[in-house]
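Residue numbers (this note's numbering): 1016 to 1540.
Every residue, glycine too, gets a C-beta built ideally from N, C-alpha and C.
Have a look at the structure below before the remarks.
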Amino acid sequence: MTFKEEIDRRRTFGIISHPDAGKTTLTEKLLLFGGAIHVAGAVKSNKIKKTATSDFMEIEKQRGISVATSVMGFDYNGYKVNILDTPGHQDFAEDTYRTLTAVDSVIIVIDSAKGVETQTRKLMEVCRMRHTPVIVFINKLDRPGRDPFDLLDEIEAELNIRVRPLAWPVGNRTEFKGVYNIYEENLYLFTPAKQVLEDGVEIKDIAGGELEKHIGQRAATTLREELELIHGVYSDFDKAEYSAGKLAPVFFGSALNNFGVRELLHAFLKIAPSPRASQTDIREVSPCEEKFSGFVFKIHANMDPNHRNRIAFVKICSGTFMRNTNYLHVKQGKQMKFSSPTAFMAEKKSIIDEAFPGDIVGIPDSGNFKIGDTLTEGEQMVFKGLPSFSPEQFRYIENADPMKSKQLAKGIDQLMDEGVAQLFVSQYNNRKIIGTVGALQFEVIQYRLLHEYGASCRYEPINLYKACWIKSDNAKELNDFKKRKNQYMAKDKYGRDVFLADSSYMLQMAQENFKNIRFHFTSEF
Ligand code: G4P
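Right, here's the structure in full:
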């Protein structure tokens, strides 16, 4: 196979949803279809159950499992599919945001009874920032849900994207009978509670009388009317619009019952993009370039405290990655070669000799990598698009054991490199402030500092609303601002200026009074 063919056959994507919409179930069903696993229930994913919020051993266990399921690769119909898993727990949303920087497209799962939920909205914002192509899968059609047309309207309004159904539920609401595949123009009928992957009854021509025989007069008429309406209301599916992130094709089904999953997978493979160009600080990198380049989007700590090895997950952006070959770690200006890079095929990890754009390789790391680090064959460039987002919760972190201050500093440093949370140092009193997306991370940090670094910490409350990275072309105004707001100024771990606003009112006033300063809620702009 040529290098170009290797790239073209790759589909690297993430499945995202509000917790409980069915992301884990759908992932598992796609793996079953792909032949990557053979029994349902094999993937527990890195879903940290809500009940486990204070059970650290459970979290640790889940973290261990999630190494195996972080990337699930499999071959199907000539395609190489890479599913990147994202944490189900919303306190780990930042992890999800970062994983989204490594995917070429996304499937969003929505619960048909609940419609668009908070987390769906937030994740969609991240996709929009990156113009990521999005497919929507409306799940749980086997249960009474909302009217599909209403759901489509809600998605358009709430997620701010145009939609185009490519599948349509038959006999929805109380009696789900199947999914009509608009994309391929055929219908598979649904047998409830069927867990096996059998072909259903296929009806090719829904205009003929065969449809009535299977689903009855009423459902047949409704289906024909609804399809006519769809063709009238929605313009034809335009792949270019989808690839630009402006149009979301919508599929319906029931992941639990394997329904609509095949329609989704087949259409996905045909329309979803192969690896796309990636932006660096100096130029755009095409996947077809011969020279290897890639970046670290995730770092996973080892569960075993005695072996503090980590795995750095590298997304390959161009060229062929080869084992035991020297590559430049751009930030450190150091040549490195890797003797045991791993690929992830379903649940198995195996050492690989080469990998192609779109693939993710795991590199054992003893502390050399930070999230966002770039590897190249020598070119000085850094991949962009790995922003930190303003945390939502903040606490001072203090040393609780004066004998262990070195361990604490090292532990905090490494956990921040892993992207567990963000560290700010107050310019006013030099105290360290930890910012996170959810409360659970504070407990995870405390636990991991103790168990992996032997350091104890305690937290003290600090009342903050948002962290904003500030920039201005007007140096005088910027200096003036920093002086006036001295008490609220901090540096992030890269030494950038951050304004820690304690309320939305304070932020609003600052924005009004300092018109030449730009306040950013992400670290990259
Ligand atoms: P998540 O990863 O998005 O958080 O969701 P997950 O797949 O874990 O699904 C959440 C719950 O919804 C699970 O039930 C799952 O079985 C159920 N579910 C997923 N897809 C469908 C579907 O198509 N139809 C119906 N009726 N239910 C579906 P649970 O009781 O919370 O967990 P479990 O005990 O079944 O694992």
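Simplified DSSP state of residue i, which is helix, strand or coil
i, result
"residue 1146", "coil"
"residue 1539", "coil"
"residue 1025", "strand"
"residue 1016", "coil"
"residue 1520", "helix"
"residue 1333", "strand"
"residue 1356", "coil"
"residue 1032", "strand"
"residue 1404", "strand"
"residue 1290", "coil"
"residue 1085", "coil"
"residue 1426", "helix"
"residue 1308", "strand"
"residue 1451", "strand"
"residue 1152", "strand"
"residue 1236", "helix"
"residue 1205", "coil"
"residue 1141", "helix"
"residue 1173", "helix"
"residue 1348", "coil"
Rounded straight-line distance, which links the Cα of residue j to that of residue i
i, j, result
"residue 1336", "residue 1021", "13 angstroms"
"residue 1481", "residue 1374", "35 angstroms"
"residue 1156", "residue 1269", "5 angstroms"
"residue 1432", "residue 1314", "8 angstroms"
"residue 1263", "residue 1029", "15 angstroms"
"residue 1331", "residue 1091", "20 angstroms"
"residue 1490", "residue 1242", "60 angstroms"
"residue 1410", "residue 1246", "54 angstroms"
"residue 1134", "residue 1225", "42 angstroms"
"residue 1050", "residue 1089", "8 angstroms"
"residue 1299", "residue 1387", "16 angstroms"
"residue 1521", "residue 1417", "36 angstroms"
"residue 1486", "residue 1419", "37 angstroms"
"residue 1179", "residue 1244", "12 angstroms"
"residue 1460", "residue 1233", "58 angstroms"
Under 8 angstroms between C-beta atoms of residue i and residue j
i, j, result
"residue 1302", "residue 1258", "no"
"residue 1166", "residue 1153", "yes"
"residue 1505", "residue 1457", "no"
"residue 1311", "residue 1327", "yes"
"residue 1119", "residue 1290", "yes"
"residue 1284", "residue 1266", "no"
"residue 1403", "residue 1538", "yes"
"residue 1339", "residue 1350", "no"
"residue 1027", "residue 1097", "yes"
"residue 1149", "residue 1125", "no"
"residue 1218", "residue 1229", "yes"
"residue 1472", "residue 1423", "yes"
"residue 1183", "residue 1195", "yes"
"residue 1143", "residue 1223", "no"
"residue 1542", "residue 1115", "Nothing in the structure corresponds to residue 1542, since the chain is present only between 1016 and 1540."
"residue 1452", "residue 1108", "yes"
"residue 1006", "residue 1286", "No statement about residue 1006 is possible, as the shown extent of the chain runs from 1016 to 1540 and does not include it."
"residue 1308", "residue 1389", "yes"
"residue 1368", "residue 1437", "no"
Stretch-stretch touch, CB-based, cutoff 8 angstroms, three pairs: the stretch 1375-1393 with the stretch 1269-1287: No: the two stretches stay apart, fewer than three of their Cβ pairs being nearer than 8 angstroms.
Segments assigned beta strand (DSSP E), at least 3 residues, entirely inside the stretch 1103-1138: Within the stretch 1103-1138, the complete beta strand (DSSP E) runs of at least 3 residues are 1120-1126.
Any alpha helix (DSSP H) of 4 or more consecutive residues that is wholly inside the stretch 1481-1529: Listed in chain order, they are 1490-1499, 1519-1528.
Ranges of the beta strand (DSSP E) found wholly within the stretch 1453-1485, counting only runs of at least 3: The qualifying runs are 1472-1476.
Contact between the stretch 1515-1532 and the stretch 1492-1507 (3+ Cβ pairs under 8 angstroms): Yes, the stretch 1515-1532 touches the stretch 1492-1507.
Length at least 4, wholly inside the stretch 1247-1306: the alpha helix (DSSP H) runs in chain order: Within the stretch 1247-1306, the complete alpha helix (DSSP H) runs of at least 4 residues fall at 1254-1258, 1276-1286.
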